[in-house]
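Residue numbers (the numbering used here), protein chains in the order written: chain A, 1 to 343; chain B, 1001 to 1343. Every residue gets a Cβ at the ideal spot worked out from N, C-alpha and C, and that includes glycine.
2 protein chains.
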Amino acid sequence: MNDLFLRALARQPVERTPVWFMRQAGRCLPAYREERKEHGFLDLVRNPESAARITALPLEYFPVDALVLFQDLSTPFEAAGLDVELRPGVGPVVLPPWSGLEDAARLEAFDPRQRLDFVLEAIRLLRQRHELPVIGFVGAPFTLCSYLCDGPRESRLAQLRAFMIRRPEAWDRLASFWVDHLADFAIAQYEAGAGAIQIFDSWSGVLDPELYSERVLPYSTALLTQLAHAGVPTIHFGSAYQDLLPLIAKAGGDGVGVDWRTPLDVAWEAIGFDRAIQGNLDPAAILAGEEAAVRGARVVLDRAGGRPGHIFNLGHGLHPDSDPDVISAVIAAVRNSGLSAAS
Amino acid sequence: MNDLFLRALARQPVERTPVWFMRQAGRCLPAYREERKEHGFLDLVRNPESAARITALPLEYFPVDALVLFQDLSTPFEAAGLDVELRPGVGPVVLPPWSGLEDAARLEAFDPRQRLDFVLEAIRLLRQRHELPVIGFVGAPFTLCSYLCDGPRESRLAQLRAFMIRRPEAWDRLASFWVDHLADFAIAQYEAGAGAIQIFDSWSGVLDPELYSERVLPYSTALLTQLAHAGVPTIHFGSAYQDLLPLIAKAGGDGVGVDWRTPLDVAWEAIGFDRAIQGNLDPAAILAGEEAAVRGARVVLDRAGGRPGHIFNLGHGLHPDSDPDVISAVIAAVRNSGLSAAS
């Protein structure tokens, strides 16, 4: 088994820097786009066989060191009794529209081992078939709940911030519901065979440090603490500017995933060298072609400086127009860099 | 004439902090929503009488210290020979779709005094009718050009970053075209009677400092320098985390508009106390109701500390669901705060 990713996440020495890409099992792969001609996104997500097959699809194109589960952050919504529709360019939408975030009463408690077994089964299939770690994931409470709001992303995030400010008790009920259920779901993924769980707080970067500290940090901390107690290796990914990074790190995670706006060395210092770091090439560098992408990847590796605990990734998900050949070239650059550093 | 805004922008002492709101003349006003039942957005924008009337509409609800022109960043596209459609939740879209940013050849040189006279005429009407400064505006080259790309905002911005990295010469041609035409248009707005011009780099916050320095700073600097030479007072608004703020400030502007994520005192130190600052209440605070909004406004005023050169505003545009009564309460808080500081 290739355990480079897991060893790097534990900050053990590795022969070379492990590499995977957020959204590697998706729209940038021609074989995936073929699948989508026949099947809806949510149908693929809900079928363990399809989800496992698509999760492993990247291996037909490039040699990543971990497989990130083909799933969606919104998957737990249906388990909680909500109907979900995926809209192009918008993301998951709850139907009928959520009538104000106050109605947490619409959420039904659920056992992820029953209601989300299709996810766990996909993980089991992957572990039988591949000698690579599987990365499961859940949304952080803030980012997950933004998908309960209606409208364009910027508007959703403003509505959620307003709700957290105006109704701290109602937000506490909502966020606490998700902390417990997401922890349960994440632990179930780990027990099904996932090597690590990534917690996606993809939109945390819209928060000022004070609001993050008061209304988001407690819930992300509670989630990550439950996972730590269960022995689950975690990556805490957030969009964050430099001043927010220490707070994201404070919430927990064996590793912290950082976006591209803070240079990796500056980010690592901000989160602390006692943590692993994942990132952080700009996804736009992949769109800019092989030469620019490889140059950008080398800058990231230089900034990591060969220190144990770096997992190479982008600072956000792969853009759908990313060319698999450019991704391959970036992986080759990361692999070669590791060999030369070890020599 | 109420010249508080202009004096604060020049960092002269003022009796109280001036206040206006980005998007104050728009969807949060019931009277505006009535107008929109009868007329399309672009029809209103293109008609000087309508644009002037809507620009002044906020005065029926709350006493702002400046009127920001009811217009759109994309207005100059049509003058350059492009067709534009406004899509809800997406923003302006160029039709037929821009076939790669390389085709700057599609842009026709234009004289804003002819092709955009409807904007200038709206400014002239406003100056005849109101004793308040009119704020004109243009997009910064980076933010404006993002609207030439297709797709959701995040995708547009990734495509534009990739283009800037991959094709620096083509980007130079495109950005230089806009620097010259935007400067010309902004100067024409000033000559028509605008008291100041705001340069909107609303999406600059997606750039890492290196890419901003190499591919964005030169063009924003060129634009702001042309305006400075023409004697036009300017506010340079960018979305920016703390590390990007000194670069935004370096590009120019008598004042720098900052978003809500960096506390105002920290932001002011980052841009330099020799510049005016505009901002920076989170627009979500307005959605959170009167008490939270007023509390947030007081925090911003405390951080400004009564130093000359602060213009109160939000850190981004007003959300469409903002309640005019809450906006009024915030304005009252800013006005009262100024009086108590002067006593």
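### Message
Taking the alpha-carbon of A:Phe142 as reference, which of A:Asp83, A:Ala285, A:Trp268 and A:His236 has the nearest alpha-carbon?
### Response
A:His236
### Query
In this structure, does DSSP put B:Gln1242 in helix, strand or coil?
coil
### Query
If B:Ala1285 sits next to A:Ile197, beta carbons under 8 Å apart, how far is it from one beta carbon to the other, in whole angstroms?
Wrong, their Cβ atoms sit about 34 Å apart, outside the cutoff.
### Query
Can you tell me the Cα-Cα spacing of A:Ala341 and A:Glu121, whole angstroms?
Residue placement at A:Ala341 cannot be trusted, given a pLDDT of 47 that sits under 50; what the coordinates show is reported in the next sentence. Spanning the two alpha carbons is a distance of roughly 39 Å.
### Query
What's the C-alpha gap between A:Pro96 and B:Phe1312?
39 Å
### Query
Taking C-alpha atoms, which residue in A:Ser50, A:Leu29 and A:Pro30 lies nearest to A:His39?
A:Ser50
### Test: B:His1310 CB closer than 7 Å to a CB of chain A
no
### Task
Could you name the residues of the segment 277 to 296 of chain A whose beta carbon sits closer than 7 Å to any beta carbon of chain B, in the order they occur along the chain?
Asp282, Pro283, Ala284, Ala285, Leu287, Ala288, Gly289 and Ala292
### Message
Here's the rule I'm using: 16 or more other beta-carbon atoms within 10 Å means buried, otherwise exposed. How should A:Ser74 be labelled?
### Response
buried
### Query
Do the CB positions of A:Leu113 and A:Gly193 come within less than 7 Å of each other?
The residue you asked about is not Leu; residue 113 of chain A is Arg in the sequence shown. The answer is no: Cβ separation not under 7 Å.
### Message
Using 7 Å as the threshold, is the C-beta distance between B:Gly1296 and B:Leu1281 below it?
### Response
yes
### Task
Taking C-beta pairs closer than 8 Å, name the residues in chain B that A:Trp260 reaches, listed in chain order.
Asp1208
### Task
Pull out every residue of the segment 209 to 242 of chain A whose Cβ sits closer than 7 Å to any Cβ of chain B, in chain order.
Tyr241 and Gln242
### Task
Compute the distance between the beta-carbons of B:Glu1290 and B:Ala1329, then report whether it is under 7 Å.
yes
### Message
Which residue marks the beginning of the alpha helix (DSSP H) containing B:Arg1033, and which one marks its end?
### Response
Pro1030 to Glu1038
### Message
Taking beta-carbon pairs under 7 Å, can you tell me which members of the segment 315 to 328 of chain A lie near chain B?
### Response
His319
### Query
Applying a beta-carbon distance threshold of less than 9 Å, which residues of chain A neighbour B:Ser1155?
Gly89, His319, Pro320 and Asp321
### Task
Would you kindly check if the distance between the Cβ of A:Pro92 and the Cβ of A:Leu86 is under 7 Å?
yes
### Task
Could you please tell me which residues of the segment 1158 to 1191 of chain B, in chain order, have their CB closer than 7 Å to any CB of chain A?
Ala1158, Gln1159, Arg1161, Ala1162, Ile1165 and Arg1166
### Task
Report buried or exposed for B:Ser1099, applying the criterion of at least 16 other Cβ atoms within 10 angstroms of its Cβ.
exposed
### Query
Quick one: what does DSSP say A:Val232 is sitting in, helix, strand or coil?
coil
### Task
Since I believe B:Tyr1190 is in contact with B:Gly1136 (beta carbons under 8 Å), could you give me their beta-carbon distance rounded to a whole number of angstroms?
7 Å
### Task
Could you name the residues that DSSP lists as bridge partners for A:Ile286?
Its beta-bridge partners do not exist; DSSP assigns none.
### Message
Buried or exposed for A:His229, going by 16 or more other Cβ atoms inside 10 Å?
### Response
exposed
### Task
Check A:Leu69 in the structure and name its three-state DSSP category.
coil
### CA-to-CA distance, B:Glu1034 to B:Asp1323, given in whole angstroms
16 Å
### Task
On the DSSP bridge assignment, give the partners of A:Gly279 in chain order.
A:Phe312
#### Entry: Residue burial classification, B:Asp1345 (beta-carbon count within 10 angstroms, cutoff 16)
The structure shown does not extend to residue 1345 of chain B, since chain B is modelled only from 1001 through 1343, so no value can be given for it.
### A:Leu264 - containing alpha helix (DSSP H), residue span
Leu264 to Ile271
#### Entry: With 16 other Cβ atoms within 10 Å as the buried cut-off, status of B:Gln1024
buried
### Query
From A:Ile54 to A:Tyr32, what distance separates their C-alpha atoms?
7 Å
### Query
Looking only at its own chain, which residues have a Cβ that is under 8 Å from the Cβ of A:Trp203, when we skip the five neighbours before and after it?
Phe142, Thr143, Ser146, Arg153, Leu157 and Ser239
### Task
Tell me, please, which residues DSSP counts as bridged to A:Ile197.
A:Gly136 and A:Thr234
### Task
Work out the CA separation of A:His181 and B:Leu1116 for me, nearest whole Å.
56 Å
### Task
Take A:Ala140 as the anchor and find which of A:Pro133, A:Ala186 and A:Leu69 has the nearest alpha-carbon.
A:Ala186
### Message
Here's the rule I'm using: 16 or more other beta-carbon atoms within 10 Å means buried, otherwise exposed. How should A:Pro58 be labelled?
### Response
buried
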